[in-house]
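Top line first, the protein sequences correspond to chains A and B.
In this text, residue positions in the first sequence follow numbering that gives the first Met the number 0: the first is 0, and each later residue adds one.
In this text, residue positions in the second sequence follow numbering that gives the first Met the number 0: the first is 0, and each later residue adds one.
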Amino acid sequence: MVPILEVQDLHVSYSSSGDASYPALAGVSFQLMPNEILGVLGESGSGKSTLAISLLKLLPSNGNILKGSVFFEGQDLLRASANELEQIRGKHISLVYQEPSVALHPAIRAGEQVFQVLAAHQSTDRRALRKKKRQVLVSLFPEDADRIANSYPHQLSGGQRQRVLIAQAIACGPSLLIADEPTASLDPTTQREILGVFRTLRDELGLAMIFITHNPALLAGFADRVLVLYGGRVAELGPANAVLSSPKHPYPRALFQSMPQIFEDKGNSRKTNLPVIAGDFSAALVPREGCVFEPRCADRMEECRKREPTPVNLGKSHTVSCFKYGG
Amino acid sequence: MQPLLKVEKLVKGYESNNVAGAREKLLALDGVSFAIARGTTLAVVGESGSGKSTLGFSIACLEIPTSGSIWFEGRDIVALTEDERRQVRPRIQLIFQDPSNSLNPRWSVEEILLEPLTLQGKLKREEMKQRAVYLMAQVGLSPDMFQRLPAQLSGGQRQRLAIARALALEPKLLILDEALSALDCSVQAQVANLLMELQRTLGMTYLFITHDLAMAAHLAEDIAVMNRGRVVEQGPAHDILRHPKEEITQHLLAAMPSLDSAVRPPLES
Numbered sequence: 000m001v002p003i004l005e006v007q008d009l010h011v012s013y014s015s016s017g018d019a020s021y022p023a024l025a026g027v028s029f030q031l032m033p034n035e036i037l038g039v040l041g042e043s044g045s046g047k048s049t050l051a052i053s054l055l056k057l058l059p060s061n062g063n064i065l066k067g068s069v070f071f072e073g074q075d076l077l078r079a080s081a082n083e084l085e086q087i088r089g090k091h092i093s094l095v096y097q098e099p100s101v102a103l104h105p106a107i108r109a110g111e112q113v114f115q116v117l118a119a120h121q122s123t124d125r126r127a128l129r130k131k132k133r134q135v136l137v138s139l140f141p142e143d144a145d146r147i148a149n150s151y152p153h154q155l156s157g158g159q160r161q162r163v164l165i166a167q168a169i170a171c172g173p174s175l176l177i178a179d180e181p182t183a184s185l186d187p188t189t190q191r192e193i194l195g196v197f198r199t200l201r202d203e204l205g206l207a208m209i210f211i212t213h214n215p216a217l218l219a220g221f222a223d224r225v226l227v228l229y230g231g232r233v234a235e236l237g238p239a240n241a242v243l244s245s246p247k248h249p250y251p252r253a254l255f256q257s258m259p260q261i262f263e264d265k266g267n268s269r270k271t272n273l274p275v276i277a278g279d280f281s282a283a284l285v286p287r288e289g290c291v292f293e294p295r296c297a298d299r300m301e302e303c304r305k306r307e308p309t310p311v312n313l314g315k316s317h318t319v320s321c322f323k324y325g326g
Numbered sequence: 000m001q002p003l004l005k006v007e008k009l010v011k012g013y014e015s016n017n018v019a020g021a022r023e024k025l026l027a028l029d030g031v032s033f034a035i036a037r038g039t040t041l042a043v044v045g046e047s048g049s050g051k052s053t054l055g056f057s058i059a060c061l062e063i064p065t066s067g068s069i070w071f072e073g074r075d076i077v078a079l080t081e082d083e084r085r086q087v088r089p090r091i092q093l094i095f096q097d098p099s100n101s102l103n104p105r106w107s108v109e110e111i112l113l114e115p116l117t118l119q120g121k122l123k124r125e126e127m128k129q130r131a132v133y134l135m136a137q138v139g140l141s142p143d144m145f146q147r148l149p150a151q152l153s154g155g156q157r158q159r160l161a162i163a164r165a166l167a168l169e170p171k172l173l174i175l176d177e178a179l180s181a182l183d184c185s186v187q188a189q190v191a192n193l194l195m196e197l198q199r200t201l202g203m204t205y206l207f208i209t210h211d212l213a214m215a216a217h218l219a220e221d222i223a224v225m226n227r228g229r230v231v232e233q234g235p236a237h238d239i240l241r242h243p244k245e246e247i248t249q250h251l252l253a254a255m256p257s258l259d260s261a262v263r264p265p266l267e268s
């Protein structure tokens, strides 16, 4: 099968005042198959949001794509013209953002906001567009599409607003959806409901999806593969089950151990200190010779300070960048 | 032993205009009762809109309840006059979800920490500075961050600063309103450890309002489950999570994201 998206050796940096520039992504490579959900797991400073916007060349003016390529359906987006990108964004690749209350216009009814997306990309008559708008809304709100369409964003709940954003995203029938923390501001019940919506869209529309989150627990039972990002590097990439249940890289290992698990036997572990990763991510922002996780790593070795590890194949489509496995 | 906080039949109603313009009454709290023993943690869990935050605001004297009692250190704070309430307020502090919204962005760390001490007016300038340095150490912030602005701190450092500010006036009860939810997982663990450390050393009592049942199970002795303004189930954390009796508790447990997907039912659409 041919991948729908292929990212090769992507390097992105931000320049700040003076000559200083700091790398946000360094050597990120991965493939995405049609109909696949790739979970991108990263904390603050990992470069996960930079990744989302780099793929569509939506970086702010101080962001620079230094090298790499992003092939989408055979075309390199990083070398596409502004006109070509305009055609692709929102139509073939859609973005869903974190804060539905900020991403929607507060004074325009929800239905109209979905309509505007359609009108921007399709030049058929307005009646056909209205019909299409209704279809899209019905697919997300089977019971009360018309009431939602006539509501202003403040009259909707967080989950409903997120569904409106998803309606905008799928309106033009994209083949790839990029969702950046789409459920972060929702409570767990609504979060789960929205994950269910994404799964259904994948199954019914055959969408491929990049789902970006800081919460590994959201990816369990949802993503097909997981990419762990730390300090702008891919720490580990592999099947979701393998990465989430027994990660190999020391970063996700330590990260998962720091999360309390609800069904553990709490006999003696309650109120004891949780295992933490020493320090914080700011160490990763300073350019250095060795592995970017080395300052915080419990398993660090002599070699880790000298150079950066390269991805090691652990098995079919499972790679880890760590000297413990060869590197 | 007498509990530090005892809430009895607390009711808080709001009035608003509905779509048709008619007055509409909404009971955010509908007869809530519970107690917290000194030096322990009660976790209050429930969906958005179940009344958790209104409960926290009422106990912190930021909302006046419609009826019911809040017994704190032996006094009913609902029945106090505004002057008397002013004396109680420093002893009950709130920590919010997003520290970047609860800290003044134009104030330095030092100014943020000195404000409650200045308002209290008990200490001399030099003593206040010493207290601020001590508070920083207590929450694990280095004193060389004194002149930084909140934006120059990481999310975890900002939440530590919010905790230090809350501790400035030596409170007895901290209300943690989703205080860990906005933080990265690895930072959540660090701040959770700090909260437990403060409980061990200062005997702090916590009301931990959260969506996160796993963190509630780790930090709290007891859990109260809220739904539509009522506490529908409460008891030792272990019992509630192992043997949930109410449908809403089972529902919350089922929705809980967990790394162990084997314990979760499959996603429905």
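The beta-carbon is built from N, C-alpha and C at its ideal position, and this holds for glycine as well.
Give me the residue from the options with the minimum Cα distance to residue i.
i, options, result
"Val6/B", "Pro64/B, Val44/B, Trp70/B, Leu240/B", "Trp70/B"
"Ile261/A", "Arg88/A, Leu136/A, Ala216/A", "Ala216/A"
"Asp279/A", "Val10/B, Ala188/B, Phe95/B, Glu81/B", "Ala188/B"
"Lys323/A", "Ala109/A, Glu98/A, Asp298/A, Arg306/A", "Asp298/A"
"Gly30/B", "Ile94/B, Phe207/B, Gly12/B, Thr248/B", "Gly12/B"
"Lys121/B", "Leu61/B, Gly139/B, Pro89/B", "Pro89/B"
"His317/A", "Ser16/A, Gln30/A, Pro22/A", "Gln30/A"
"Glu109/B", "Leu160/B, Thr80/B, Ser153/B, Arg85/B", "Leu160/B"
"His217/B", "Glu232/B, Asn192/B, Arg229/B, Val230/B", "Asn192/B"
"Asp183/B", "Leu25/B, Ile111/B, Ala34/B, Gln156/B", "Gln156/B"
"Arg108/A", "Gln159/A, Ala148/A, Gly325/A, Leu55/A", "Ala148/A"
"Tyr133/B", "Pro149/B, Leu113/B, Gln119/B", "Leu113/B"
"Leu197/B", "Asp176/B, Leu258/B, Ser185/B, Ile162/B", "Ile162/B"
"Gln233/B", "Tyr205/B, Asp97/B, Ala34/B, Ala27/B", "Ala34/B"
"Arg269/A", "Arg227/B, Leu28/B, Ala219/B", "Ala219/B"
"Ser174/A", "Glu35/A, Val27/A, Val6/A, Ala19/A", "Glu35/A"
"Cys171/A", "Gly89/A, Asp75/A, Ala219/A", "Gly89/A"
Starting from residue i, trace the beta strand (DSSP E) in both directions and tell me its first and last residue.
i, result
"Phe71/B", "66-71"
"Lys5/B", "4-16"
"Thr318/A", "317-319"
"Val44/B", "40-44"
"Tyr229/A", "224-229"
"Tyr13/A", "4-14"
"Leu40/A", "36-40"
Looking only at its own chain, which residues have a Cβ that is under 6 Å from the Cβ of residue i, when we skip the five neighbours before and after it?
i, result
"Tyr229/A", "Ser45, Tyr250, Phe292"
"Gln92/B", "Ala165, Pro170, Leu173"
"Met255/B", "Leu212"
"Lys66/A", "His10"
"Leu206/A", "Leu176, Leu200"
"Leu58/A", "Ile52"
"Pro274/A", "Gln256, Ser257"
"Arg229/B", "Asp29"
Near residue i, what residues of its chain come up, given a Cβ to Cβ distance below 7 Å and the 5 sequence neighbours on each side ignored?
i, result
"Val262/B", "Here the model assigns Val262/B a pLDDT of 47, short of 50, so the residue's position is not dependable, and the following value carries that caveat. Within the same chain, Val262/B has no close Cβ partners at all."
"Ala215/B", "Ala42, Val44, Phe207, Thr209, Ile222, Ala236"
So that I know if they touch, is there some Cβ in chain E lying closer than 9 Å to that of residue i?
i, result
"Gly46/A", "No chain E appears in this structure, whose protein chains are A and B."
For residue i and chain B, any beta-carbon pair shorter than 9 Å?
i, result
"Leu401/A", "With chain A covering 0 to 326 only, the question about residue 401/A has no answer from this structure."
"Glu42/A", "yes"
"Ser93/A", "no"
"Gly38/A", "no"
"His317/A", "no"
"Leu217/A", "yes"
"Gln159/A", "no"
"Leu24/A", "no"
Under DSSP, the alpha helix (DSSP H) around residue i begins and ends at which residues?
i, result
"Ser53/A", "47-54"
"Lys130/A", "125-139"
"Phe114/A", "109-120"
"Val31/B", "Unbroken run through Val31/B is the beta strand (DSSP E), 22-35; no alpha helix (DSSP H)."
Should residue i be flagged as near chain A, meaning a C-beta pair shorter than 9 Å?
i, result
"Ala188/B", "yes"
"Leu3/B", "no"
"Asp75/B", "no"
"Ser268/B", "Below a pLDDT of 50, predicted positions are generally treated as unreliable, and Ser268/B, at 45, falls in that range; no measurement from the model is reported."
"Ala27/B", "no"
Quick one: what's got a C-beta closer than 8 Å to residue i's C-beta in the same chain, skipping five residues either side?
i, result
"Asn16/B", "Arg22, Glu23"
"Lys8/B", "Gly30, Val31, Ser32, Ser66, Gly67, Ser68"
Exercise. Taking a cut of 8 Å between CB atoms, which residues from the region 52-63 of chain A lie near chain B?
Worked result: none
For this session: Could you list the residues in the region 233-252 of chain B with a C-beta less than 8 Å from some C-beta on chain A, going in chain order?
Result: Within the region 233-252 of chain B, the residues whose Cβ lies closer than 8 Å to some Cβ of chain A are Ala236, His237, Leu240, His250, Leu251, Leu252, listed in chain order.
For this session: Would you list, in chain order, the members of the region 192-214 of chain A that have their beta-carbon closer than 7 Å to a beta-carbon of chain B?
Result: Leu194, Gly195, Val196, Arg198, Thr199, His213, Asn214
Exercise. Between the region 227-255 of chain A and chain B, which residues of the former have CB atoms less than 7 Å from a CB of the latter, in chain order?
Worked result: Answer set for the region 227-255 of chain A: Leu243, Leu254, Phe255.
Exercise. Listed from N- to C-terminal order along the chain, which residues in the region 187-206 of chain B have their beta-carbon within a distance smaller than 7 Å of any beta-carbon of chain A?
Worked result: Ala188, Gln189, Ala191, Asn192, Met195
For this session: Below 7 Å between beta carbons is the criterion; list the residues of the region 46-64 of chain B that meet it against any residue of chain A, in chain order.
Result: Glu46, Ser47
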